[in-house]
Amino acid sequence: MSATPLPRWLGVGILLVIALSFAGNHVAARIAFDHGANVPTAVAVRSAVTALFVTLLLRWSGATIRLPAPTLWRALVVGLLVSIQSLCLYSAVARIPVALALLAFNTFPLMLALISWAAGGERPSRRAAIAMPLALTGLALALDVAGVARSAAGPGAAQVSMGAGVAFALCGAASFATALHLTTQWLGTTDGRLRTLVIMVVATVVALAGGASGGSFALPRDPTGWAALALLTVLYGSAITALFVVLPRIGAVNNAAVLNAEPILALLLAWVVLDQRVAAIQVAGAFVVIGAIVMLTTGRR
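Quick note: the sequence shown, position 284, residue 283 per numbering that gives the first Met the number 0, numbers continuous.
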């Protein structure tokens, strides 16, 4: 964690690969859902394998896997919020096009700014005051709130109900923004690897409990589904691990905004792999949202 800082160009390139891995994870999740798996299964398997990998990483580095009791309880609360985010985001991916689900979810920086302000933090800057309504406008275009793209597609086109998927994505964004705020307030000095371990363990327990209690824990029904489940686990585990290794070496401020390329990369992957297509006006709205979020997250403040 204290290695020599990476050149910025190299760090940004790695972050783009990480964003691509996150996008691929969601595309693989959609394939797994289409072949029999369900949301609790995907979250449980992904989180359990990632937790095991982080544990091995901590053991290999000689770090102590131990937290003081007050810090542990706070980490459990954050882990519960991230578990809700994981379940909600995968539920959105299962219902609506992957790129649109991620786009709605990526409003979490806007929510984080508002939550921090409501909790007594700094008032959003002028840059944020411009970026927030701009992002909401772009989101309305991307999600086709006015129904322009659906009308232009004609009666023979598949009609996708956006309501539930968008609601899940926005719920996930709110949960994740709250988790980030509490992490900053409660766990700012805690080793990022330990935070990740606790979060992944909690996500595993929540997913297993939810699937078992609801009788909805379902495994893939064919080799394609199993391959997709394995792929999403590898992509997510490697991306989340690489993220906390790379960001400390290049600085999170300004550089983390590169990860906002994920919805655009997901749009391309979903088009190629899943044949999920969106109208030109929705693509334009996606770029407006990403531009607004980059504007919000790259200011000096």
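Ideal Cβ placement from N, Cα and C applies to all residues, glycine included.
CA-to-CA distance, residue j to residue i, given in whole angstroms
i              : j              : result
alanine 31     : valine 38      : 9 Å
leucine 268    : glycine 23     : 7 Å
alanine 33     : proline 4      : Here residue 33 is aspartate; the residue named in the question, alanine, does not match the sequence. When rounded, the distance between both Cα atoms is 42 Å.
leucine 234    : alanine 127    : 32 Å
glycine 224    : glycine 120    : 45 Å
valine 159     : serine 60      : Below a pLDDT of 50, predicted positions are generally treated as unreliable, and valine 159, at 49, falls in that range; no measurement from the model is reported.
threonine 54   : threonine 232  : 16 Å
leucine 242    : valine 76      : 22 Å
alanine 278    : leucine 135    : 18 Å
leucine 9      : threonine 188  : 26 Å
tryptophan 116 : isoleucine 129 : 16 Å
alanine 211    : glutamine 184  : 33 Å
leucine 133    : tryptophan 270 : 26 Å
Neighbourhood of residue i by C-beta, 8 Å cutoff - its chain only, sequence neighbours within 5 removed
i              : result
methionine 161 : Ile95, Leu99, Leu142 and Asp143
arginine 220   : His34 and Gly35
glutamine 281  : Leu99, Leu140, Ala141, Leu142, Asp143 and Ala148
isoleucine 17  : Ala238, Ala241, Leu242, Val245 and Leu258
Terminal residues of the alpha helix (DSSP H) in which residue i lies
i              : result
serine 90      : 68-94
serine 60      : 38-60
methionine 131 : 125-141
glutamate 261  : 261-268
aspartate 221  : Per DSSP, aspartate 221 belongs to no alpha helix (DSSP H) and is neither H nor E.
histidine 34   : First-last for histidine 34: undefined, no H or E at that position.
Presumed contact (8 Å Cβ cut-off) between residue i and residue j, rounded CB distance
i              : j             : result
methionine 199 : alanine 50    : 4 Å
isoleucine 83  : histidine 180 : The pair is not a contact, with the Cβ atoms about 14 Å apart (cut-off 8 Å).
glycine 213    : valine 48     : Actually they are not in contact, since the Cβ atoms of glycine 213 and valine 48 sit about 22 Å apart, beyond 8 Å.
Same chain only: Cβ atoms within 7 Å of residue i, ignoring 5 sequence neighbours per side
i             : result
valine 92     : His25, Ala28, Arg29 and Ala100
alanine 163   : Arg94
leucine 19    : Leu264
serine 90     : Val38 and Phe167
aspartate 190 : Ala62
arginine 276  : Trp270
CB contact flag (residue i, residue j, <9 Å)
i             : j              : result
leucine 15    : alanine 238    : no
leucine 186   : threonine 70   : yes
threonine 40  : leucine 218    : yes
alanine 176   : glycine 284    : no
valine 81     : leucine 228    : no
serine 85     : alanine 206    : yes
threonine 203 : valine 42      : yes
threonine 106 : isoleucine 292 : yes
leucine 56    : threonine 240  : yes
leucine 273   : valine 97      : yes
valine 165    : alanine 103    : yes
proline 123   : methionine 131 : yes
arginine 194  : alanine 74     : yes
Same chain only: Cβ atoms within 6 Å of residue i, ignoring 5 sequence neighbours per side
i                : result
cysteine 87      : Phe167, Cys170 and Gly171
valine 287       : Gly137
glycine 303      : Since the first and last residues shown for the chain are 0 and 300, residue 303 lies out of range.
phenylalanine 21 : Ala238 and Glu261
alanine 173      : Met110
leucine 266      : Ala98
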